[in-house]
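Asker:
Residue numbers (full-length UniProt numbering): 1 to 476.
(1) Specify the secondary structure class of residue 233 as computed by DSSP and reduced to three states.
(2) Quick one: give me the first and last residue of the alpha helix (DSSP H) that residue 477 is part of.
(3) Is the Cβ-Cβ distance between residue 245 and residue 72 less than 8 Å?
(4) Could you work out which residue in 194, 176 and 232 is closest to residue 288 when comparing CA atoms only?
(5) From residue 260 to residue 153, what distance separates their C-alpha atoms?
(6) What's the C-alpha gap between residue 84 and residue 240?
(7) Do residue 174 and residue 223 have their C-beta atoms closer together than 8 Å?
(8) Please report the Cβ distance between residue 162 and residue 44, rounded to the nearest whole angstrom; I am assuming they are in contact, meaning their Cβ atoms lie under 8 Å.
(9) To the nearest angstrom, how far is it from the Cα of residue 285 to the Cα of residue 258?
(10) Does DSSP classify residue 199 as helix, strand or coil?
(11) In angstroms with no decimal places, state the Cα-to-Cα distance between residue 198 and residue 311.
(12) Just to confirm the assignment, what range does the alpha helix (DSSP H) spanning residue 295 have?
(13) For residue 221, which residues in the same chain have their Cβ closer than 7 Å to its Cβ, ignoring the five residues on either side in sequence?
(14) Looking at the structure shown, is residue 50 part of a helix, part of a strand, or coil, going by DSSP?
(15) Within 10 angstroms of its Cβ, does residue 28 collect 16 or more other Cβ (buried), or is it exposed?
(16) Which runs of the alpha helix (DSSP H) fall wholly inside the segment 147-221 and span at least 4 residues, in chain order?
(17) Taking only three categories from DSSP, how would you classify residue 425?
(18) Which residue marks the beginning of the alpha helix (DSSP H) containing residue 478, and which one marks its end?
(19) Taking the alpha helix (DSSP H) that residue 70 belongs to, which residues open and close that run?
(20) Does DSSP put residue 312 in a helix, a strand or coil?
(21) Where does residue 122 land, buried or exposed, given buried means 16+ other C-beta within 10 angstroms?
(22) For residue 50 and residue 298, I'd like the C-alpha separation in whole angstroms.
(23) Cα separation between residue 64 and residue 37?
(24) Give the C-beta separation of residue 256 and residue 219 to the nearest angstrom, bearing in mind that I take them to be a contact with Cβ-Cβ under 8 Å.
(25) With burial defined as no fewer than 16 other Cβ atoms inside 10 Å of the residue's Cβ, what is the status of residue 126: buried or exposed?
(26) Run through DSSP, which three-state label would residue 275 get?
(27) Could you tell me whether the Cβ atoms of residue 130 and residue 155 are closer together than 8 Å?
(28) Okay, do the segment 307-321 and the segment 345-362 touch, 3+ Cβ pairs below 8 Å being the bar?
(29) Between the Cα of residue 68 and those of 90, 40 and 55, spot the shortest distance and give me the residue it belongs to.
(30) CB residue 176 to CB residue 327, shorter than 8 Å?
(31) Which stretch, first to last residue, makes up the alpha helix (DSSP H) that contains residue 323?
(32) In this structure, how does DSSP classify residue 333 when only helix, strand and coil are distinguished?
(33) For residue 338, which three-state DSSP category applies?
(34) Who are the Cβ neighbours of residue 171 in its own chain at under 7 Å, not counting the five residues just before and after it?
(35) Quick one: give me the first and last residue of the alpha helix (DSSP H) that residue 132 is part of.
(36) Specify the secondary structure class of residue 31 as computed by DSSP and reduced to three states.
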């Protein structure tokens, strides 16, 4: 990715006072940058903070992050707080969220890699605080669904900001950055994975072709958790969050693509036809990452291949309510109320889409009876018309000939159905049957099955499903 890094160094960014582009920085340079961060926080200067957070070393210390991250997340303790969100009711009095059991399981295994050298008592306190942050957010915003690795994100916010400041940060990062992952289905998240593949394909077609057999869900763990689940070094994840919080949510997608491209040589050495191994390897990030170099690579990739210009109209196929689209202007973020409204609209759209898919599957599965019903309705309409117009004899003659032809063409059609949970079937018995063992329907056993085959706990019936010819003696 040396070329990408070179591209990143040429971008039109204003120079930051005292900032060296080298990872090596003298104490004087660090102090000057720290002073610039402090002054930007006092002015609530988002653009300057974003540049400083993106530059080498990020925001330098947790003390500075505690001042800067709330600004990057678009809140301050004075203008928005949980007491105002739930009209002074304690979150503990709110109804339980359905995902709280899973939260408990995940919190129990939190703080594995950091902080180091903590006493058991201190870790238990942090786990209680972590649980409170997650559960309070879910109860105040019950439209959100918990996902595994969410606790890794909240863990970073807790360690950097402390419990009090994190109370406001968690709902904002949830609704304004992670919302697509906190919906009732995973389908919006799949669109994110498709974006990763589209970016890699546009940037490195050879690599994209080589890893095309891998499941694009390889980005799941990293993008869900904003990389907190995969990066084990606290300094690295805190510095990476400086960058991610300073940019729009789609930047995490570009970051994963940049990491994948940076591993080009390693991935090209792997057999392309071993999809499981490829998927596993791509999903597991290297434990040693040059964060500052990756930031430059990611910015270069984003500027060279903005999401609107990716092939396949992948960006335009995203829901207009996707957090990737609604949170682009992060210097002017939505309020929590606005974000909740967008979330509800996105959920409603998902339900409509799912309903349409179910209807389409139903129509496809029952296309023959639906076609028969449609034909019957058309025949009835034509019959009424022909009688009124005096063409009824001609119409019935034409229809009879066509129906005989249709019946003959279907004489050798074969239907096959799986009998569920039944070893024997008698003629005329109604059984739970279907053309796919994963779904149920009912059919009456025919008099003369052509063949029955045992398949595990199912019996496969194959029989002639030709329909009888129409009677030539229809009324004239």
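The C-beta atom is built at its ideal place from N, Cα and C for all residues, glycine as well.
Answerer: Once the coordinates are examined:
(1) Coil, per DSSP.
(2) This structure leaves residue 477 out entirely; the chain is present only between 1 and 476.
(3) Pairing residue 245 with residue 72 gives a Cβ-Cβ distance under 8 Å.
(4) Looking at 194, 176 and 232, the one whose alpha-carbon comes closest to that of residue 288 is 232.
(5) Each residue's Cα considered, the two are about 22 Å apart.
(6) Per-residue confidence for residue 84 stands at a pLDDT of 46, beneath the threshold of 50, marking its modelled position as unreliable; the derived number appears in the next sentence. In this model, residue 84 and residue 240 are separated by some 31 Å (Cα to Cα).
(7) Not closer than 8 Å, so no.
(8) That pair is no contact at about 20 Å.
(9) About 12 Å.
(10) Assignment of residue 199 by DSSP, reduced to helix, strand and coil, places it in the helix class.
(11) Looking at the two C-alpha atoms, the distance is approximately 7 Å.
(12) It spans 291-304 - the alpha helix (DSSP H) in which residue 295 sits, taken as one unbroken run.
(13) Closer than 7 Å at Cβ, skipping near neighbours: 149, 229, 230 and 283.
(14) Helix at residue 50.
(15) Looking at its Cβ environment, which holds fewer than 16 other Cβ atoms inside 10 Å, residue 28 is exposed.
(16) With a minimum length of 4 residues, the continuous alpha helix (DSSP H) runs that stay inside the segment 147-221 are 150-176, 187-203 and 205-210.
(17) Bear in mind that a pLDDT of 45 at residue 425, under 50, signals an unreliable position, so the number given afterwards is only what the model happens to contain. Coil, per DSSP.
(18) Since the displayed the chain opens at 1 and closes at 476, residue 478 lies outside it and no answer follows.
(19) Its alpha helix (DSSP H) spans residues 62-72.
(20) Collapsing the DSSP output to three states places residue 312 in a helix.
(21) So residue 122 counts as exposed.
(22) The straight-line gap from Cα to Cα measures roughly 15 Å.
(23) Approximately 7 Å between the Cα atoms of the pair.
(24) Confirmed, about 5 Å.
(25) Label assigned to residue 126: buried.
(26) DSSP places residue 275 in the helix class (H, G or I) of the three-state scheme.
(27) Note that the C-beta distance between residue 130 and residue 155 is below 8 Å.
(28) At 8 Å Cβ cutoff, the stretches touch.
(29) Residue 40 is the option with its Cα nearest to residue 68.
(30) Contact flag set, yes.
(31) Residue 323 -> alpha helix (DSSP H) spans 323-326.
(32) Residue 333: coil per DSSP, three-state reduction.
(33) Note: residue 338 maps to helix in three-state DSSP.
(34) The residues are 137, 140, 141 and 336.
(35) DSSP places residue 132 inside the alpha helix (DSSP H), whose first and last residues are 120-140.
(36) Helix, per DSSP.
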